[in-house]
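Scroll down for the structure; my scribbles are underneath it.
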Amino acid sequence: MSSPDRSPARVAVGPMVLIALVVGAAAAAFAYTAGWFSPERLTPDKVVDAFAPSAGPALGHRRNHVKGICFTGRFEANGEGVTLSDAPMFHAGQYSAIGRFNLATADINAADATVRVRGMGLQIAAPGGQLWRMAMIDSPFFTVSTPQALYGLVVASGSKDPDAMKTFAGTHPELAHFGAWARTAPWTGSYAEEPYNSLNSFVFTSASGAAHTVRWSLLPSAQPIPVPPDELAKRAPDFLEREIAERIKAGPLRWTLVIRVADGADPTADPSQEWPRNRRAVDVGTLVVQAIEPEANGPCRDINYDPTVLPTGISTSDDPFPAARSSAYRRSFDLRTAEAAHYPATPSEATP
Amino acid sequence: MIPTPQRFTPLQRALHWLMAVCILAMLFIGVGMVSTIAPKYLPLVAIHESLGTVILLLALIRLAVRWRYGAPALPADLPAPMKLAAELSHYILYALMIAMPLLGWAMLSCANYPVVLFGGLHLPMILPPSDSLHTLLWNAHFSLAFVFFALVLMHLAAALFHALVRHDGVFEAMAPELRSKSVRDRASP
């Protein structure tokens, strides 16, 4: 292939081009994998950025469900859960719980009465270090069917185009269903009077290996007292936090954890669709909330209520939301922990 | 004195190529998983954490093996700057193979994320929860991943340079058996 009188420099040209091609191809494959050639790819950064209010995100805080207050307590398992899942916290006994009541808004200055959806983040810990984290809301079903649609909804609702929401609703009929709930469901004056629903489905696996796709709800023992929104608007902008901190003084608050088991054809991948009411429901125990603490220096502050942090016996299902939420929540966590200086943990004696 | 070997031992070569596959997979999974919200995000993270631990263990074994068996000397006629680059880049590669999994593990500990390997093995936390430490470790893990990939590319370019341009036996010292056999056959007719 090479003649003896060729100079070494000339011989090297072919191999050098080959080396450059190999290295260039590897670098390009890496950049492609990182999404640098795919501006249309839905990244966690894009999702988190889309949630930011027009005034910018509240630095040091969660990027959504930004207003919240911590609670501590315990989960009292009655043992019924083991028929469905081998998770350690379903075996009869008491397990420590750290949670967070919150509002589904990215605007830290939103008045409590203006936020339709309320939520609860909850971590139940079993001895041995297994954790079950969840982030639930009080609506009985979700706004849209897919993470892509949720991104579209957030973008449309933040859009300056007055027709953006109409256009979005036109292509996402499930939104009207949610809208009907939002308009007609009664409001209450307390976090304690709300149910909190997983909405997403998960797979429970029992010790015998039997798998069931389930959703769950925390149903309040407190009687919900409907309050007209006009009435709530007259209350303090943070009336929910004040109310729950006051209410806990009268004693612990309780919710029953009910697991609902899907039947064969139920839409397990679509949290915007409710399952029929007659599905098997198993009462597996009681969440007892014993103390309320401000978030700034409370135990819930540093917990990312990532719904994919699951114990053995619980895993994700074909519902695409938990993965999307995990990815976006991590981004939110990375951002807020880096900005922690903007959200100082006030000493407890200084908090009201 | 033990005579300098011409090639790495079969164990060293096996470890090298096994880790090459693992590390490349790890780097691609890493940049892929942080740029998606698709369902594959969860298995990618799970593989990243498990594979990271495997790489840490393999790197420690490899370091011990290297310490025990040494390495073939670089060609005497290799220019001094290339020799320096070769030696320095290898120190950094070894450091990254060990540091990156530890940084990742420490970062997850500071964020209070449980690390579960192979679907069921719970790793202990190696640091207490801390916002500032989490940020520091996250930044280090993220930036060093790109340094690591750049070094891997450099390593690849240098290996091909030795194999295709210099023909000096450096590539053959680490090459898999098939290739080295043909080289030996050619070298000793």
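So the sequence lines, in the order shown, correspond to chains A and B.
Residue numbers for the first sequence follow this note's numbering, beginning at 1 and rising by one.
Residue numbers for the second sequence follow this note's numbering, beginning at 1 and rising by one.
Ideal Cβ placement from N, Cα and C applies to all residues, glycine included.
Answer yes or no: does any C-beta atom of chain B fall closer than 8 angstroms to that of Met16 of chain A? On the first sequence, residue 16 of chain A is found 16 positions in, with the first residue counted as 1. Taking Cβ atoms only, chain B reaches closer than 8 angstroms to Met16 of chain A, which makes this a yes.
By the 10 Å Cβ neighbour count, where 16 or more other Cβ atoms means buried, how is Arg184 of chain B classified, buried or exposed? Here the question's residue 184 of chain B lines up with position 184 in the second sequence. Confidence in Arg184 of chain B is poor, its pLDDT being 48 and thus under 50, which makes the residue's placement unreliable; the coordinate value appears in the next sentence. Classification for Arg184 of chain B: exposed.
Determine the closest residue to Ala38 of chain B out of A:Phe321, A:Ala106 and A:Ser332, with distance taken between C-alpha atoms. Working through the second sequence from its first residue, we reach residue 38 of chain B at position 38. Nearest option by C-alpha distance: A:Phe321.
Using a Cβ-Cβ cutoff of less than 6 angstroms, which residues in the same chain neighbour Asn112 of chain B once the five nearest sequence positions on both sides are dropped? The sequence position of residue 112 of chain B within the second sequence is 112, counting from 1. Counting only Cβ-Cβ distances below 6 angstroms, and skipping sequence neighbours, we find Pro129.
By the criterion of Cβ-Cβ separation under 9 angstroms, what are the contact partners of Ala149 of chain A in chain B? To locate residue 149 of chain A, count along the first sequence from 1; it is residue 149. Per Cβ cutoff of 9 angstroms: no residues; Ala149 of chain A is ~12 angstroms from chain B at best.
Buried or exposed: where does His342 of chain A fall if 16 or more other Cβ atoms within 10 Å of its Cβ makes it buried? Here the question's residue 342 of chain A lines up with position 342 in the first sequence. Per the 10 Å Cβ criterion, exposed.
Residues in the region 28 to 51 of chain A having any Cβ partner in chain C nearer than 7 angstroms: Of the protein chains in the structure, A and B, none is chain C.
List the residues of chain B whose Cβ lies closer than 7 angstroms to the Cβ of Phe333 of chain A, in chain order. What you label residue 333 of chain A is simply residue 333 of the first sequence in a count that begins at 1. The contacting residues are Ala111.
Members of the region 134 to 157 of chain B near chain A, C-beta cut-off 7 angstroms: For the region 134 to 157 of chain B, the set of positions with a beta-carbon nearer than 7 angstroms to some beta-carbon of chain A reads His134, Thr135, Trp138, Phe149, Leu153, Leu156 and Ala157 in chain order.
Quick one: which chain B residues come within Cβ less than 7 angstroms of Ala164 of chain A? Walking along the first sequence from the start, residue 164 of chain A turns up at place 164. Going along chain B, no residue has its Cβ under 7 angstroms from Ala164 of chain A, so there is no contact; the nearest lies around 21 angstroms.
Taking Cβ positions, are Arg336 of chain A and Arg62 of chain A nearer each other than 8 angstroms? Here residue 336 of chain A is taken as the residue at index 336 of the first sequence, counted from 1. Here residue 62 of chain A is taken as the residue at index 62 of the first sequence, counted from 1. For the 8 angstroms CB-CB criterion, Arg336 of chain A and Arg62 of chain A form a contact.
What's the C-alpha gap between Leu21 of chain A and Leu88 of chain B? Translated into positions along the first sequence, residue 21 of chain A becomes position 21. Translated into positions along the second sequence, residue 88 of chain B becomes position 88. Those two C-alpha atoms are separated by around 25 angstroms.
Distance cutoff 8 angstroms, beta carbons only. Does Arg184 of chain B sit that close to anything in chain A? Taking the first residue of the second sequence as 1, we reach residue 184 of chain B at position 184. Per-residue confidence for Arg184 of chain B stands at a pLDDT of 48, beneath the threshold of 50, marking its modelled position as unreliable; the derived number appears in the next sentence. Output row for Arg184 of chain B: interface = no.
Quick one: which unbroken beta strand (DSSP E) runs of 3-plus residues sit fully inside the region 43 to 115 of chain A? Chain order, please. Fully enclosed beta strand (DSSP E) runs of 3 or longer: 68 to 77 and 93 to 103.
With a threshold of 16 other CB atoms inside 10 Å of the CB of His91 of chain A, please say whether the residue is buried or exposed. Mapped onto the first sequence, residue 91 of chain A falls at position 91. Exposed is the call here.
Consult DSSP for Arg13 of chain B and reduce its assignment to one of helix, strand or coil. On the second sequence, residue 13 of chain B is found 13 positions in, with the first residue counted as 1. Reduced to three states, the DSSP call for Arg13 of chain B is helix.
Might you give, ordered along the chain, the residues of its own chain that have their beta carbon closer than 7 angstroms to the beta carbon of Ala126 of chain A, omitting 5 neighbours on each side? Locating residue 126 of chain A in the first sequence gives position 126, counting from the first residue. Pro88, Met89, Tyr95 and Pro311.
In its own chain, which residues sit with a C-beta less than 7 angstroms from the C-beta of Thr346 of chain A, not counting the 5 before and 5 after it? Along the first sequence, read from residue 1 onward, the residue named residue 346 of chain A stands at position 346. Spatial neighbours of Thr346 of chain A in its own chain (CB-CB distance under 7 angstroms, excluding positions within 5 residues in sequence) are listed in chain order as Ala296 and Asn297.
Pairwise C-alpha distance: Met136 of chain A and Val282 of chain A: For this step, residue 282 of chain A is matched to residue 282 along the first sequence. For this step, residue 136 of chain A is matched to residue 136 along the first sequence. Distance between the alpha carbons of Val282 of chain A and Met136 of chain A is about 18 angstroms.
Mind checking who Glu293 of chain A pairs with in its DSSP beta bridge? Mapped onto the first sequence, residue 293 of chain A falls at position 293. DSSP lists A:Cys70 as partners of Glu293 of chain A.
Nearest-angstrom Cα separation, counted from Gly152 of chain A out to Ser145 of chain A: Indexing the first sequence from 1 puts residue 145 of chain A at position 145. Indexing the first sequence from 1 puts residue 152 of chain A at position 152. Looking at the two C-alpha atoms, the distance is approximately 11 angstroms.
Just to confirm, are Ser139 of chain A and Val117 of chain A a CB contact at a threshold of 8 angstroms? Residue mapping note: residue 139 of chain A aligns to position 139 of the first sequence, counting from 1. Residue mapping note: residue 117 of chain A aligns to position 117 of the first sequence, counting from 1. Yes.
May I ask you to report which of helix, strand or coil DSSP gives Met120 of chain A? The residue labelled residue 120 of chain A in the question sits at position 120 within the first sequence. Residue state, collapsed to three classes: strand.
Distance, Cα to Cα, Arg68 of chain B vs Ala14 of chain B? Locating residue 68 of chain B in the second sequence gives position 68, counting from the first residue. Locating residue 14 of chain B in the second sequence gives position 14, counting from the first residue. Approximately 16 angstroms, taken between the alpha carbons.
Check whether chain A comes within 8 angstroms of Asp131 of chain B, counting only Cβ atoms and requiring the distance to be less than that. Start at 1 with the first residue of the second sequence, and residue 131 of chain B comes out as number 131. Yes, contact with chain A.
Check the Cβ of Gly32 of chain B against every Cβ in chain A and list those closer than 9 angstroms, keeping chain order. By one-based count along the second sequence, residue 32 of chain B stands at place 32. Those within 9 angstroms of Gly32 of chain B in chain A are Thr33, Ala34 and Gly35.
Helix, strand or coil for Tyr196 of chain A per DSSP? As a working mapping, residue 196 of chain A is identified with position 196 in the first sequence. In this structure, Tyr196 of chain A counts as strand in the three-state DSSP scheme.
Check the Cβ of Thr53 of chain B against every Cβ in chain A and list those closer than 9 angstroms, keeping chain order. In the second sequence, counting from the first residue as 1, residue 53 of chain B sits at position 53. Think of a sphere of 9 angstroms around the beta carbon of Thr53 of chain B: no beta carbon from chain A falls inside it, the nearest being about 17 angstroms out.
Kindly say whether His37 of chain B, judged by its beta-carbon, lies nearer than 8 angstroms to any beta-carbon of chain A. Translated into the one-based positions of the second sequence, residue 37 of chain B becomes position 37. The sequence shown places Ile at residue 37 of chain B, rather than the His named in the question. Judged by the 8 angstroms Cβ criterion, Ile37 of chain B is in contact with chain A.
Inspect the beta-carbon positions of Leu253 of chain A and Ala192 of chain A and report whether they are closer than 8 angstroms. One-based indexing of the first sequence puts residue 253 of chain A at position 253. One-based indexing of the first sequence puts residue 192 of chain A at position 192. Yes, the pair counts as a contact, with Cβ atoms nearer than the cut-off.
Contacting residues, own chain, Cβ-Cβ under 6 angstroms from Trp198 of chain B (five flanking each side not counted): The shown model of chain B, from 1 to 189, leaves out residue 198 of chain B, and the question about it has no answer.
To the nearest angstrom, how far is it from the Cα of Ala210 of chain A to the Cα of Phe204 of chain A? Translated into positions along the first sequence, residue 210 of chain A becomes position 210. Translated into positions along the first sequence, residue 204 of chain A becomes position 204. If you draw a straight line from the Cα of Ala210 of chain A to the Cα of Phe204 of chain A, it comes to about 8 angstroms.
Are the beta-carbon atoms of His167 of chain B and Met100 of chain B separated by less than 8 angstroms? In the second sequence, the residue the question calls residue 167 of chain B occupies position 167. In the second sequence, the residue the question calls residue 100 of chain B occupies position 100. Against a cut-off of 8 angstroms, the Cβ pair of Met100 of chain B and His167 of chain B comes out as no contact.
Restricting to Cα atoms, I'd like to know which of A:Thr83, A:Thr308 and A:Ala185 is closest to Pro195 of chain A. Here the question's residue 195 of chain A lines up with position 195 in the first sequence. Residue A:Ala185 is the option with its Cα nearest to Pro195 of chain A.
Determine which residues of the region 337 to 348 of chain A have a Cβ less than 8 angstroms from any Cβ of chain B, and write them out in chain order. Residues of the region 337 to 348 of chain A with a C-beta atom less than 8 angstroms from some C-beta of chain B are Thr337, Ala338 and Ala340, listed in chain order.
Proximal residues, the region 40 to 65 of chain B versus chain A, C-beta separation under 7 angstroms: Answer in chain order: Tyr41 and Leu42.
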